[in-house]
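*Asks:* According to the working numbering, the stretch in the sequence shown is residues 4 to 122, in order. All C-beta atoms in this analysis are idealised placements derived from N, C-alpha and C, irrespective of residue type, glycine included.
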Amino acid sequence: MVESFTNRRKYVRIYRNFILLYRLKGQDSITHEMSQVNNISRGGINFSSTVTLANGSELNIELKTPFLNEKVDLEGVILECREKIVNLIYEVRVEFKNVSDQAGDVLAKIEQYAKQQGI
4 MVESFTNRRK YVRIYRNFIL LYRLKGQDSI THEMSQVNNI SRGGINFSST VTLANGSELN
64 IELKTPFLNE KVDLEGVILE CREKIVNLIY EVRVEFKNVS DQAGDVLAKI EQYAKQQGI
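1) State buried or exposed for Leu-3, treating a residue as buried only when at least 16 other CB atoms are found within 10 Å of its CB.
2) Starting from Val-3, trace the alpha helix (DSSP H) in both directions and tell me its first and last residue.
3) Just checking Leu-62 against the ligand FAD - is the residue's beta carbon closer than 8 Å to any of the ligand's heavy atoms?
4) Buried or exposed for Ser-7, going by 16 or more other Cβ atoms inside 10 Å?
5) Could you have a look at Phe-50 and say whether DSSP puts it in helix, strand or coil?
6) What did DSSP end up calling Phe-99 once you bin it into helix, strand or coil?
7) So what's Lys-13 in DSSP terms, helix, strand or just coil?
8) Just the Cα atoms here: how many angstroms apart are Lys-28 and Ser-103?
9) Between the Cα of Leu-62 and the Cα atoms of Ile-113, Gln-120 and Lys-100, which residue gives the shortest distance?
10) Hey, quick one: how far does the beta strand (DSSP E) through Glu-78 stretch, first residue to last?
Have a look at this one:
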């Protein structure tokens with residue numbers, strides 16, 4: 004029997020909108036502010052962007068959540084950047100890399116909060 008895609012996920016996917024700041028590694032002077040995080044898990048994040056980003060590019064991410072006073076700094080690599088609205092909106096899938104203990108704790112809190120809220 005073929006296992007469903009949902010059951011193959013290593014981490015619970017949480018569908019919430021958070022504030023996200025990101026920049027490409029090596030381009031510290033350029034920051035793109037995002038207001039739309041589509042979903043997040045301990046393993047990665049999916050967000051919308053107004054610029055296209057190259058697959059395989061590395062990102063520095065700062066995530067802020069409305070229910071935790073903490074912000075978390077994350078690193079990730081772009082798995083896919085797909086155009087959603089021609090020349091306007093792109094959906095970006097990122098896998099987290101080198102997750103610090105502090106970042107892992109915040110991601111676990113996000114997951115626990117979502118479970119408590121039935122999200």
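*Replies:* The relevant details are as follows:
1) Given that the chain is displayed from residue 4 to residue 122, the structure contains no residue 3 and the question cannot be resolved.
2) Residue 3 is absent from the structure shown; the chain starts at 4 and stops at 122.
3) Although the ligand FAD was asked about, the structure shown includes no ligands whatsoever.
4) The residue given as residue 7 occupies position 4 in the sequence shown. With a pLDDT of only 48 at Ser-7, under 50, the local geometry of the prediction cannot be trusted, and the value read off the model is given with reservation. With fewer than 16 Cβ atoms within 10 Å of its Cβ, Ser-7 is classed as exposed.
5) For the purposes of this step, residue 50 is taken as the residue at position 47 of the sequence shown. Correct three-state label for Phe-50: strand.
6) Position 96 of the sequence shown, counted from the start, is the residue given in the question as residue 99. Residue state, collapsed to three classes: strand.
7) The residue you call residue 13 lines up with position 10 of the sequence shown. Reduced to three states, the DSSP call for Lys-13 is coil.
8) By 1-based counting over the sequence shown, the position of residue 28 is 25. By 1-based counting over the sequence shown, the position of residue 103 is 100. Going from the Cα of Lys-28 to the Cα of Ser-103 covers about 17 Å.
9) Walking along the sequence shown from the start, residue 62 turns up at place 59. Minimum Cα distance to Leu-62 is reached at Lys-100.
10) Residue numbering aside, residue 78 sits at position 75 when the sequence shown is read from its first letter. Element bounds for Glu-78: 74-88.
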